[in-house]
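Accompanying notes for the structure given below.
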Amino acid sequence: MTRKKIEIGDIFEVPTAIGNAYIQYMAEVNQVTLIRLLPGVYHEPVDLEKLVQQKERYICFVPLGIALRRKYIRKVGFSEVKKFKVPKYFRGVEKVCGEFKGWVITNIQNNEWRLVKKLTKKQKEYPPSGIWGIEFLIARIEKNWNPETWGDEGV
Numbered sequence: 029m030t031r032k033k034i035e036i037g038d039i040f041e042v043p044t045a046i047g048n049a050y051i052q053y054m055a056e057v058n059q060v061t062l063i064r065l066l067p068g069v070y071h072e073p074v075d076l077e078k079l080v081q082q083k084e085r086y087i088c089f090v091p092l093g094i095a096l097r098r099k100y101i102r103k104v105g106f107s108e109v110k111k112f113k114v115p116k117y118f119r120g121v122e123k124v125c126g127e128f129k130g131w132v133i134t135n136i137q138n139n140e141w142r143l144v145k146k147l148t149k150k151q152k153e154y155p156p157s158g159i160w161g162i163e164f165l166i167a168r169i170e171k172n173w174n175p176e177t178w179g180d181e182g183v
């Protein structure tokens with residue numbers, strides 16, 4: 029069995045219970061693929077060139093190679109990635125025994141992090157940290173999740 033090579037700029041269709049979503053491979057950071065979730069969920073074929081011109085819903089780390097090999101996604105197109113800069117900061121939730129302790133702000137350029145209790149407006153725009161499995165991404169798509177509405181208690 030030959031492995032399908034993925035390249036920065038590849039566009040993938042992600043079937044969900046509510047329709048097809050689309051993601052684009054944007055960069056590789058520390059051997060993990062960074063994707064952007066393109067806007068919308070569709071039941072009909074979509075014009076990919078128009079779609080990639082739109083602002084993404086969010087970006088996150090997803091192991092695309094695994095998702096492709098397990099047939100959760102399929103490659104449907106390519107669009108050259110221009111002027112994309114990997115964000116310096118990402119954020120995640122710190123919980124101990126299920127209790128919210130704060131937000132972890134991580135500088136991915138030097139792996140330094142700090143814990144904050146409340147996010148600033150700017151920090152609310154930071155993409156989620158960590159590597160999401162494709163099933164987790166699909167669940168987030170189906171719930172219409174986005175970082176800006178990620179709750180103050182980390183849920």
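Count along the sequence shown from 1, add 28, and you get the number used in the numbering used here.
Just so you know, even glycine gets a beta-carbon here, dropped at the ideal spot from N, CA and C.
Look up residue i in the DSSP assignment and give the residues it is bridged to.
| i | result |
| --- | --- |
| Cys88 | Ile63 |
| Val144 | Trp131 |
| Pro156 | Arg119 |
| Tyr208 | Outside the displayed span of the chain (29 to 183) sits residue 208, for which this structure offers no information. |
| Tyr70 | Asn48 |
With a CB to CB cut of under 7 Å and the five nearest residues on each side skipped, what residues in its chain are close to residue i?
| i | result |
| --- | --- |
| Asn174 | Arg85 and Tyr86 |
| Thr44 | Val69, Ile166, Ile169 and Glu170 |
In its own chain, which residues sit with a C-beta less than 6 Å from the C-beta of residue i, not counting the 5 before and 5 after it?
| i | result |
| --- | --- |
| Val69 | Ile46, Gly47 and Ala49 |
| Phe40 | Ile51, Ile101 and Lys103 |
| Trp141 | Val132 and Thr134 |
| Ile159 | Val60 and Phe89 |
How far does the beta strand (DSSP E) with residue i in it reach, from first residue to last?
| i | result |
| --- | --- |
| Val42 | Asp38 to Thr44 |
Take residue i as the anchor and find which of the options has the nearest alpha-carbon.
| i | options | result |
| --- | --- | --- |
| Val132 | Phe118, Val114 and Gly126 | Phe118 |
| Val114 | Asn172, Thr44, Glu176 and Val57 | Val57 |
| Asn138 | Lys150, Lys116 and Pro155 | Lys116 |
| Gly130 | Trp141, Lys145, Lys110 and Asp75 | Lys145 |
| Leu79 | Val90, Pro91 and Phe106 | Phe106 |
| Leu65 | Leu92, Glu72, Gly120 and Gln59 | Leu92 |
| Gly37 | Lys149, Glu163 and Phe112 | Phe112 |
| Glu77 | Val109, Ile162 and Ile63 | Val109 |
| Gly161 | Ile136, Arg98, Lys152 and Glu153 | Arg98 |
| His71 | Glu163, Lys150, Ile136 and Val42 | Val42 |
| Gln151 | Phe164, Gly126, Gly120 and Val74 | Gly120 |
Here's a check: name, in chain order, each residue in its chain whose Cβ is nearer than 8 Å to the Cβ of residue i, leaving out the five neighbours to either side.
| i | result |
| --- | --- |
| Met29 | Bear in mind that the predicted position of Met29 carries a pLDDT of just 49, short of 50, making it too unreliable to give a figure here. |
| Ile34 | Tyr53, Thr61, Leu92, Gly93, Leu96 and Lys103 |
On the three-state DSSP scale, how would you describe residue i?
| i | result |
| --- | --- |
| Phe106 | strand |
| Ile94 | helix |
| Val124 | strand |
| Lys78 | helix |
| Glu176 | helix |
| Gln137 | coil |
| Asn58 | coil |
Could you tell me the boundaries of the alpha helix (DSSP H) in which residue i lies?
| i | result |
| --- | --- |
| Glu170 | Ile162 to Glu170 |
Looking at the ligand COA, does it come within less than 7 Å of residue i, judged from the CB to the closest heavy atom?
| i | result |
| --- | --- |
| Glu35 | This structure does not include the ligand COA; it has no bound ligands of any sort. |
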